[in-house]
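**Student:** Mind having a look at this structure? Questions to follow.
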Amino acid sequence: MRESKPVYVTLTAGVVVSYTLFALGLAAHILGLELPMLFTAAAITLLITPTAAVIAALATFLAGREYRGALLALTLLAIMALSLLISSMLRR
Amino acid sequence: MNLLVVMMAGMMAGFIGALMGLGGGVVMVPTLTAVLGVDVKEAVATSSLCVIATSIAGAARYVKQGITNIKLALFLNTTTVAGAVTGALLAVIAPRTLLYLALSAVLAYLSASQVITGKREEEKIERGEFAGSEEDKLARLLGLSDSYYDAASKVEVQYRVRRTPLGLAVSYLAGMASGLLGIGGGVLKVPIMNQVMNVPIKASIGTSKFMIGVTASASATVYFMRGLVNTLLAAPLALGVILGATLGAQIMNRIRVKHLKMLFGGVLVYFSYAMLAKFIYLTVGVALPGVRL
Numbered sequence: 001m002r003e004s005k006p007v008y009v010t011l012t013a014g015v016v017v018s019y020t021l022f023a024l025g026l027a028a029h030i031l032g033l034e035l036p037m038l039f040t041a042a043a044i045t046l047l048i049t050p051t052a053a054v055i056a057a058l059a060t061f062l063a064g065r066e067y068r069g070a071l072l073a074l075t076l077l078a079i080m081a082l083s084l085l086i087s088s089m090l091r092r
Numbered sequence: 093m094n095l096l097v098v099m100m101a102g103m104m105a106g107f108i109g110a111l112m113g114l115g116g117g118v119v120m121v122p123t124l125t126a127v128l129g130v131d132v133k134e135a136v137a138t139s140s141l142c143v144i145a146t147s148i149a150g151a152a153r154y155v156k157q158g159i160t161n162i163k164l165a166l167f168l169n170t171t172t173v174a175g176a177v178t179g180a181l182l183a184v185i186a187p188r189t190l191l192y193l194a195l196s197a198v199l200a201y202l203s204a205s206q207v208i209t210g211k212r213e214e215e216k217i218e219r220g221e222f223a224g225s226e227e228d229k230l231a232r233l234l235g236l237s238d239s240y241y242d243a244a245s246k247v248e249v250q251y252r253v254r255r256t257p258l259g260l261a262v263s264y265l266a267g268m269a270s271g272l273l274g275i276g277g278g279v280l281k282v283p284i285m286n287q288v289m290n291v292p293i294k295a296s297i298g299t300s301k302f303m304i305g306v307t308a309s310a311s312a313t314v315y316f317m318r319g320l321v322n323t324l325l326a327a328p329l330a331l332g333v334i335l336g337a338t339l340g341a342q343i344m345n346r347i348r349v350k351h352l353k354m355l356f357g358g359v360l361v362y363f364s365y366a367m368l369a370k371f372i373y374l375t376v377g378v379a380l381p382g383v384r385l
């Protein structure tokens, strides 16, 4: 599948970046240095990676004129945005 | 806090999660609460962030191996996410006691079915029967059917997706059960794809792994924004999870289908027991061992 490579690259980048940031933050903590921004950056990387993978699939579907796949990715992104909006409104 | 214990728990959760297409919260939350004395809210929030780690680490390997059906994952996730929101909304008013009992029965059935069909699925792969089935109109229209290389059988397995509307509806219910009862989605997504939609078990696991990250990111974002995620705890857990998930995803495709289905059946038995334990606890107040109530 053509959409596989960009999705794979996005997922792998998310894994490598979050792993590196968590490892650096943990190493600093063990050495007595507190660098919480490294943990925060790692957590944010994890949080955005799945959505980034869906966007990568969407971009590749569009580039390959595979509009059925693009429609699926777009629908999912819209539902995710809506669910996040509903959840944050209800939890206030 | 013992960083090594947290990391080992993460590794185990990541390994099991990658092998079975699950999130791994079933290992992480009890370890954090029972072994390390972490508050349950903080444990659930931190574990939800690490579920994303198991998902993306496992999914990266499965996408590379061509096991994940990305279109099917996107398609089913549309209703799973919507179902999870509905479940979370209904959680306030719905009587959960009977739902635990119903889900326990469904999981017991799915477990038995996984074990019974293990050998049959291997025969289906050998005879190319997954490709012989007639795909439905929606699956054809969206181009959902796919194939993957089975490293254990050394064959390219082609499959045609069937009963798409039913799969979509059941995915919605699975999302709702996840929102209502707080169980992970993978335990229901894998059998739905495998037993309802004619997707081989390995492709179901690879596809579920991709789906879990998308659904978990929505809840984990809410936890993170509310400051419930303990990032110092998440660090060793995520490091272990990523290592375990990478290892699990590396070996999954080499395991024989019947053994994989037997393992998955065993995991479903545990979940069935856990749901039954919650039902018993809520109705008669007796706490059964081995379950976080």
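Top line first, the protein sequences correspond to chains A and B. Under the working numbering, the residue at position 6 of the first sequence is numbered 6, and the numbers go up by one with no gaps. Under the working numbering, the residue at position 131 of the second sequence is numbered 223, and the numbers go up by one with no gaps. Beta carbons are placed, not taken as given, at the ideal position from N, Cα and C, and that holds for glycine. Remember, predicted model here, so these are calculated numbers, not experimental data.
Count the other CB atoms, across all protein chains shown, that sit within 10 Å of the CB of D131 (chain B); report buried if there are 16 or more and exposed otherwise.
**Tutor:** exposed
**Student:** Return the CA-CA distance between L71 (chain A) and H29 (chain A), expressed in angstroms with no decimal places.
**Tutor:** 45 Å
**Student:** Got a sec? Which residues, its chain only, sit under 8 Å from A41 (chain A) by beta carbon, not counting five neighbours each side?
**Tutor:** L21
**Student:** Measure from the alpha carbon of Q250 (chain B) to the alpha carbon of each residue in B:E218, B:G271, B:I108 and B:A341, then state which is nearest.
**Tutor:** Nearest to Q250 (chain B) by C-alpha distance, out of B:E218, B:G271, B:I108 and B:A341, is B:E218.
**Student:** Does the distance from the CB of L166 (chain B) to the CB of V54 (chain A) come in under 9 Å?
**Tutor:** yes
**Student:** Please confirm if G69 (chain A) has its CB atom under 9 Å from at least one CB of chain B.
**Tutor:** yes
**Student:** Could you please give the first and the last residue of the uninterrupted alpha helix (DSSP H) stretch that includes E134 (chain B)?
**Tutor:** From DSSP, the alpha helix (DSSP H) with E134 (chain B) extends over V132 to K156.
**Student:** How far does the beta strand (DSSP E) with E248 (chain B) in it extend, from its first residue to its last?
**Tutor:** V247 to Y251
**Student:** For N161 (chain B) and A110 (chain B), what's the separation of their Cα atoms in angstroms?
**Tutor:** Linking N161 (chain B) to A110 (chain B) through their CA atoms gives a straight-line distance of about 16 Å.
**Student:** Per DSSP, Y315 (chain B) is paired with what?
**Tutor:** DSSP, once it has assigned bridges, lists no residue as partnering Y315 (chain B).
**Student:** Whose C-beta lies closer than 6 Å to the C-beta of G298 (chain B) among residues of the same chain, with five residues either side of it excluded?
**Tutor:** Y154, I159 and T160
**Student:** Run the CB neighbour count on A379 (chain B), radius 10 Å, all protein chains shown included, and call it buried at 16 or more, exposed below.
**Tutor:** With fewer than 16 other Cβ atoms within 10 Å, it is exposed.
**Student:** From A:G14, A:T10, A:P6 and A:A43, pick the residue whose C-alpha is nearest to that of N322 (chain B); which is it?
**Tutor:** Nearest option by C-alpha distance: A:A43.
**Student:** With a cut-off of 9 Å, does the C-beta of M80 (chain A) fall near any C-beta of chain B?
**Tutor:** Taking Cβ atoms only, chain B reaches closer than 9 Å to M80 (chain A), which makes this a yes.
**Student:** List the residues of chain A whose Cβ lies closer than 8 Å to the Cβ of I144 (chain B), in chain order.
**Tutor:** Among the residues of chain A, those whose CB is under 8 Å from the CB of I144 (chain B) are L46, L47, T49 and P50, following chain order.
**Student:** Against chain B, which members of the region 9-22 of chain A pass a CB distance test of less than 8 Å?
**Tutor:** Under the 8 Å Cβ criterion, the region 9-22 of chain A contributes L11, T12, G14, V15, S18, Y19 and F22.
**Student:** Using only CA atoms, which one of A:L11, A:V17, A:G32 and A:P36 lies nearest to L325 (chain B)?
**Tutor:** Looking at the Cα atoms, A:P36 is the closest of the given residues.
**Student:** Would you tell me roughly how many angstroms separate the C-alpha atoms of E214 (chain B) and V349 (chain B), rounded to the nearest one?
**Tutor:** A direct Cα-Cα distance of roughly 6 Å separates E214 (chain B) from V349 (chain B).
**Student:** Quickly, what does DSSP pair Y241 (chain B) with across the bridge? List them, please.
**Tutor:** B:E248
**Student:** Applying a beta-carbon distance threshold of less than 9 Å, which residues of chain A neighbour L191 (chain B)?
**Tutor:** Within chain A, no residue comes near L191 (chain B); the closest Cβ sits about 20 Å away, beyond 9 Å.
**Student:** Taking just the CA atoms, how far does S88 (chain A) sit from R318 (chain B)?
**Tutor:** R318 (chain B) and S88 (chain A): Cα-Cα distance of roughly 10 Å.
**Student:** Would you mind telling me which residues of chain A sit closer than 7 Å to F167 (chain B), beta carbon to beta carbon, in chain order?
**Tutor:** L72
**Student:** So is L76 (chain A) in contact with chain B if we call contact Cβ pairs under 9 Å?
**Tutor:** yes
**Student:** Could you tell me how far apart the beta carbons of S296 (chain B) and V282 (chain B) are, in whole angstroms, since I believe they sit closer than 8 Å?
**Tutor:** 5 Å
**Student:** Exposed or buried, which one is R2 (chain A) when buried takes at least 16 other CB atoms within 10 Å?
**Tutor:** Residue placement at R2 (chain A) is flagged as unreliable, the pLDDT there being 47, under the threshold of 50; the coordinate-derived value follows with that caveat. R2 (chain A) should be labelled exposed.
**Student:** Just reading off the alpha helix (DSSP H) that M42 (chain B) is part of, what are its end residues?
**Tutor:** Since the first and last residues shown for chain B are 93 and 385, residue 42 (chain B) lies out of range.
**Student:** Give me the Cβ distance between R252 (chain B) and N286 (chain B), rounded to the nearest whole Å; I'm assuming they're in contact under 8 Å.
**Tutor:** About 14 Å separates the Cβ atoms of R252 (chain B) and N286 (chain B), ruling out a contact at the 8 Å cut-off.
**Student:** Within 9 Å (strictly less), CB to CB, does T323 (chain B) reach chain A?
**Tutor:** yes
**Student:** In whole angstroms, what is the alpha-carbon distance linking T96 (chain A) and M112 (chain B)?
**Tutor:** With chain A running from 1 to 92 in the structure shown, residue 96 (chain A) is simply not present.
**Student:** Which residue from A:F39, A:V16 and A:A57 puts its Cα closest to that of L164 (chain B)?
**Tutor:** A:A57
**Student:** How would you call Q342 (chain B), buried or exposed, if buried means at least 16 neighbouring beta carbons within 10 angstroms?
**Tutor:** exposed
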